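If you read the sequence shown in UniProt numbering, its first letter stands for residue 1, the second for the next number, and so on. Glycine included, each C-beta is placed from N, C-alpha and C at the ideal position. Keep in mind that this is a model prediction, so the values were computed, not measured. Inspection log for the structure reproduced underneath, given as structure tokens.
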Amino acid sequence: MRRVTTLGAALVLLAAAGCAAVCLRLGWLPCRGQMLIGTPWGHDGEYTDACLRAMNRGPAIYFPPVPAEQSDTELAAAAGAFALAGLAWIVVALGLPLSRTARAVVASAASPTVLMAVLTAVGWLNGVDVGRVSLVPGLLSEVALLVGAVVACCAVSRTRDRLALLALSWGCGAFGAGHLLGEYLVLGSINQDNWDWPPGSGVLMVASLVIGVLGALLGVTGSRRPRPGRQRTERTSRSAASRIIRVSPGQSRS
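In structure tokens:
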């Protein structure tokens, strides 16, 4: 992949991680001082009513959001995170050496995530409950990005580029239903109070975005080319070596 493509995708995905972290911070403010209750490292105690409500709904990056119970800033941060994650994958699609049809297939893998951003923004601006769509966009996001990643990997030949693409697809799909289920299983095994979302849920989604950023940077560092001066020196040396005339003992060049 071109360095400008991987670097651009990394920057956009890093912005998505920032928005998701802000959303996570705001979503779990009611549980301040209670984040470790129920874990092996926590203390015995009871959750406040506000924290229990936060555990019931989860952070806004858990699609679908609950506009009636989440702040405008939290919803705006979630919508921004969804939109930027989708945009990062579109940047990847535009920078790959693909035909128009293949490029459209790869780019369309971002559409479920973009749809999540649109629905979250609608819920935020109009106070509309988008819970009826449930996990459908999240499921479509996982499947679409899997197909898009396979097509994208076929367009590059280097193993390093393919690993970078897989990491990017993992990061761009951080808000999908598969990631959501995996996070609940992991955090639910750590926190025994797992009848709802344990406090701090969403941190693995942010980690997935960071993995995507690191994967993009891996592609950048692996695509360095020799400097032009070095290329010219090597080319001159080879040309000079090919013109060497071996002179046998006792002979002289005319």
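For Ile90 against Ala110, the beta-carbon gap comes to about 5 Å, under 8 Å, which counts as contact.
Under the DSSP assignment, Leu14 falls in the alpha helix (DSSP H) whose first and last residues are 3 to 27. Counted as a single uninterrupted DSSP element, the alpha helix (DSSP H) harbouring Ser141 occupies residues 136 to 154. Contact between the region 125 to 144 and the region 62 to 74 is present: three or more C-beta pairs spanning the two stretches fall below 8 Å. For Ala77, the uninterrupted alpha helix (DSSP H) run begins and ends at 72 to 94, by DSSP.
Collapsing the DSSP output to three states places Met55 in a helix. Separation of the CB atoms of Ala121 and Ala79 is rounded to 4 Å, and the pair is thereby assigned contact status at 8 Å. Of the residues assessed, Cys31 falls on the buried side of the cut-off, its CB having 16 or more other CB atoms within 10 angstroms.
For the pair Ala88 and Pro112, the CB atoms are not nearer than the 8 Å cut-off.
A residue is called buried once 16 or more other Cβ atoms fall within 10 Å of its Cβ, and Pro40, having fewer, is exposed. Looking from the CA of Asn126, the closest CA among Ser71, Leu96, Leu24 belongs to Ser71. The beta carbon of Ala177 sits closer than 8 Å to those of Leu135, Gly138, Leu139, Ser141, Glu142, all from its chain and outside the five residues before and after it, given in chain order. If you compare the alpha carbons of Val12, Ala167, Ala207, Thr5 with that of Glu183, the shortest gap goes to Ala207. Leu209 and Leu52 have their C-alpha atoms some 27 Å from each other. The beta carbon of His43 lies closer than 8 Å to those of Leu36, Ile37 in the same chain, with the five residues before and after it left out. The Cβ-Cβ distance between Val114 and Leu168 does not fall below 8 Å.
Going by DSSP, Asp129 is part of no alpha helix (DSSP H) at all; its letter is neither H nor E.
Taking C-beta atoms as the reference points, Ala85 and Leu165 fail to come closer than 8 Å. Taking C-beta separations shorter than 7 Å and ignoring five residues to either side along the sequence, the partners of Leu180 in its chain run Tyr62, Gly138, following chain order.
By the neighbour-count definition (other C-beta atoms within 10 Å, threshold 16), Ala15 is a buried residue. For Arg103, the enclosing alpha helix (DSSP H) has its first and last residue at 100 to 108.
Annotated as distal: Pro59 and Cys19, with beta-carbon spacing of 8 Å or more.
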